[in-house]
Structure formats: C-alpha cells, structure tokens
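**Q** This structure is in structure tokens; I'll ask about it shortly.
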Amino acid sequence: AIPAKDLHPLTQAVADGVDMVLNDLNLNLRFPLYIVNLYKYMLNIACNRKDLGVGSTIAVPHAISRKCLEG
Numbered sequence: 003a004i005p006a007k008d009l010h011p012l013t014q015a016v017a018d019g020v021d022m023v024l025n026d027l028n029l030n031l032r033f034p035l036y037i038v039n040l041y042k043y044m045l046n047i048a049c050n051r052k053d054l055g056v057g058s059t060i061a062v063p064h065a066i067s068r069k070c071l072e073g
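Position 58, counted from 1, in the sequence shown is what the numbering used here calls 60; the numbers after and before it change by one each time, with no gaps.
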C-alpha cells in the first residue's frame with residue numbers, strides 16, 4: 003500500500019488544475035536501462051517530452067483529472 007502522505011502531492015496537483023501527474027521514476031534510474039525503461043524513455047523523447055525521463059502511466063502512483071479522462 004502507498005501511504006497517503008506520498009499520494010497527497012499527486013492529488014493536490016490535480017486539484018490545482020494539472021491534468022496528469024506522474025511518479026518521478028528518475029530518482030531510481032540505473033544504467034544500463036532495462037529494456038522496458040529504455041522503451042518508455044524513447045517514447046517520451048519521440049513525443050518531445052524528454053523532461054519525463056522514464057515516467058509513464060504504467061508506474062504507480064500517478065493521478066489523472068476527470069477532465070482529462072472525459073476529454
């Protein structure tokens with residue numbers, strides 16, 4: 003289980019108007035990258051979002067606003 007204190011920054015960001023909040027996975031990043039992390043990194047680069055590193059909605063926790071989901 004993920005402690006509420008760790009989830010609060012994500013839910014607060016959504017409450018403040020952010021559409022999607024990802025967990026910062028770059029803190030535990032080790033090289034060479036595992037193949038899955040390499041693919042996530044390359045996808046983020048291809049989407050012109052190098053700033054996301056290996057961040058994705060595959061990893062938990064993350065938060066998505068209702069507005070974003072309902073489009």
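Even for Gly, the Cβ is constructed at its ideal location relative to N, Cα and C. Just so it is clear, the structure is predicted and the values come from calculations on it, not from any experiment.
Nearest to residue 20 by CA position, among 27, 12, 26, is which residue?
**A** By one-based count along the sequence shown, residue 20 stands at place 18. Residue 20 has its Cα closest to that of 12, out of 27, 12, 26.
**Q** Do you know how far the Cα of residue 60 is from the Cα of residue 42?
**A** Mapped onto the sequence shown, residue 42 falls at position 40. Mapped onto the sequence shown, residue 60 falls at position 58. C-alpha separation (whole angstroms): 9 Å.
**Q** Check each candidate in 22, 5, 33, 29 and name the one with the smallest Cα separation from residue 72.
**A** For the purposes of this step, residue 72 is taken as residue 70 along the sequence shown, with counting starting at 1. The alpha carbon of residue 72 has as its nearest neighbour, out of 22, 5, 33, 29, the alpha carbon of 22.
**Q** Rounded C-beta distance between residue 55 and residue 31? I'm assuming under 8 Å.
**A** Taking the sequence shown and counting its residues from 1, the one referred to as residue 55 is at position 53. Taking the sequence shown and counting its residues from 1, the one referred to as residue 31 is at position 29. Indeed, because the Cβ distance is near 7 Å, the residues count as touching under 8 Å.
**Q** Using the three-state DSSP reduction, which class does residue 56 fall into: helix, strand or coil?
**A** By one-based count along the sequence shown, residue 56 stands at place 54. Reduced to three states, the DSSP call for residue 56 is coil.
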